[in-house]
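Notes follow once the structure below has been shown.
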């Protein structure tokens with residue numbers, strides 16, 4: 009029997025739940041060449057949303073071409089230009105011969121070299137003389153607009169892990185360079201998103217940065233609990249198993265409505281269920297999930313300073329005024345400056361985030377592990 013819950017990969021078809029409003033908005037933006045920035049904590053379903061909207065948009069508009077570019081392993085701007093050019097031409101070419109023709113036609117001054125991998129799938133790639141590329145990057149940056157005009161296409165360029173550009177040499181200059189070209193493209197829309205929320209916020213909401221007000225800003229929220237509960241119940245039912253609304257709610261509650269963990273904990277619960285999922289099964293599944301991740305959490309915690317750990321312990325105990333003299337003394341925090349320094353560093357490391365004025369853990373399972381396994385703060389719910 010096929011497992012009905014998906015995590016760790018793009019959720020497609022029946023595995024994709026809710027996000028109807030955002031999907032419709034994004035599909036319209038693709039068709040209208042409106043630039044879009046998607047910001048949310050990691051593993052909240054940004055990539056699944058983009059792929060869902062893109063599939064719908066392409067199905068309803070045969071002249072729309074969607075190009076996906078992932079910057080996760082791109083270390084510098086030269087690698088970016090090569091990947092960008094390769095993926096743009098792939099997305100607008102239906103066969104090998106057309107890929108070669110488009111590369112020569114639209115990148116002529118860079119004298120591109122085209123190669124095909126001998127591995128299964130016949131992966132096509134481009135290469136350029138680096139010095140030529142450095143002298144004339146505009147030819148690459150303008151590539152989608154040139155192809156769109158020439159072929160009568162509308163092109164949506166979707167770039168994942170876009171925050172990586174902030175790590176490259178001369179980042180502000182490069183961001184300014186990208187925007188100076190992309191903002192004038194009339195037949196291309198850019199969808200930029202990434203997994204580090206605080207860095208994406210800095211790039212797109214800081215008025216001193218080049219990409220400030222570059223496009224339609226979507227702050228992705230958690231899937232409403234009622235929708236997630238309904239989704240879990242439906243997936244159980246489709247596989248001839250049962251789960252009541254209160255027990256499905258328990259799954260969602262354990263992971264604080266986190267979309268990725270909702271799917272993972274639902275899967276672990278489903279695997280343990282013969283016919284009817286109950287509270288005991290969900291608790292066992294949650295315990296297993298925490299244990300699975302304990303080594304990862306241990307390694308993460310070992311890299312934290314004593315002051316950072318003291319700050320986290322105060323936060324987990326629900327302390328509101330952590331900078332107060334009394335609270336700092338109780339938790340061994342050296343100063344108010346240390347509080348601010350710890351918070352800033354923990355946000356930079358994507359352990360915490362400041363969402364709508366509230367400092368929160370981004371990973372609810374790590375929060376649970378840190379509280380009940382590492383600090384051993386009593387939990388009265390079990």
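Residue numbers (this note's numbering): 9 to 390.
All residues carry an ideal CB built from backbone N, CA and C; glycine is no exception.
Rounded straight-line distance, which links the Cα of residue j to that of residue i
i	j	result
residue 70	residue 162	9 Å
residue 378	residue 91	40 Å
residue 358	residue 369	8 Å
residue 243	residue 349	45 Å
residue 154	residue 216	30 Å
residue 160	residue 110	14 Å
residue 189	residue 50	29 Å
residue 375	residue 307	14 Å
residue 385	residue 326	11 Å
residue 28	residue 53	13 Å
residue 12	residue 64	22 Å
residue 315	residue 365	22 Å
residue 335	residue 329	7 Å
residue 283	residue 246	12 Å
residue 100	residue 234	40 Å
residue 194	residue 73	14 Å
residue 167	residue 208	12 Å
residue 389	residue 301	Below a pLDDT of 50, predicted positions are generally treated as unreliable, and residue 389, at 46, falls in that range; no measurement from the model is reported.
residue 118	residue 102	22 Å
residue 33	residue 83	32 Å
Residue closest to residue i, alpha-carbon to alpha-carbon, out of the options
i	options	result
residue 87	56, 42, 139	139
residue 218	311, 224, 210	210
residue 171	245, 179, 164	179
residue 38	203, 306, 165	165
residue 212	29, 332, 43, 384	43
residue 31	82, 13, 61, 65	61
residue 198	322, 342, 35, 136	35
residue 240	222, 214, 270, 226	270
residue 342	319, 353, 328	319
residue 313	73, 295, 351	351
residue 124	303, 104, 310, 187	104
residue 311	353, 248, 192	353
Whole-angstrom C-beta distance between residue j and residue i, which should lie under 8 Å
i	j	result
residue 228	residue 48	3 Å
residue 45	residue 98	Going by Cβ atoms, the distance from residue 45 to residue 98 rounds to 24 Å, so no, they are not a contact pair.
residue 6	residue 273	Because the chain in this structure spans residues 9 to 390, residue 6 falls outside the shown range and cannot be described.
residue 182	residue 147	With 8 Å as the limit, residue 182 and residue 147 do not qualify as a contact, their Cβ atoms being about 16 Å apart.
residue 157	residue 41	12 Å between Cβ atoms; not a contact.
residue 176	residue 298	Not confirmed; about 37 Å, so no contact.
residue 141	residue 220	Incorrect: roughly 28 Å between the Cβ atoms, too far for contact.
residue 201	residue 58	7 Å
Sequence-distant residues of the same chain with beta carbon closer than 7 Å to residue i, five excluded per side
i	result
residue 355	206, 361, 362
residue 321	339, 383
residue 237	253, 256, 257, 260
residue 93	115, 134, 148, 151
residue 346	315
Beta-carbon proximity list for residue i, same chain, < 6 Å, skipping 5 on both sides
i	result
residue 266	372
residue 285	251, 255, 277
residue 230	265
residue 79	169, 172
residue 344	331
residue 223	43, 44, 45
residue 381	none
residue 323	none
residue 305	374, 377
Beta-carbon proximity list for residue i, same chain, < 8 Å, skipping 5 on both sides
i	result
residue 112	120
residue 185	145, 149
residue 108	122
residue 95	75, 76, 77
residue 106	none
residue 280	289, 292, 293
beta-carbon residue i near the ligand FAD non-hydrogen atom, thresh 7 Å
i	result
residue 289	As far as ligands go, the structure on display features none, and thus does not contain the ligand FAD.
task: Return the chain-ordered ranges of every beta strand (DSSP E) run that is complete within the stretch 99-184 and spans a minimum of 3 residues.
output: 121-124, 132-135, 162-168
- prompt: Which ranges does the alpha helix (DSSP H) cover as unbroken runs of at least 4 residues, wholly within the stretch 182-236, from first to last along the chain?
  reply: Taken in chain order, the whole alpha helix (DSSP H) runs of length 4 or more contained in the stretch 182-236 are 205-213.
4-residue-minimum alpha helix (DSSP H) runs that sit fully inside the stretch 311-335, ordered along the chain: 314-324
query: Which runs of the beta strand (DSSP E) fall wholly inside the stretch 225-312 and span at least 3 residues, in chain order?
result: Runs of the beta strand (DSSP E) inside the stretch 225-312: none found.
query: Curious, which full-length alpha helix (DSSP H) runs of at least 4 residues does the stretch 332-379 contain?
result: 333-339, 344-356, 372-377
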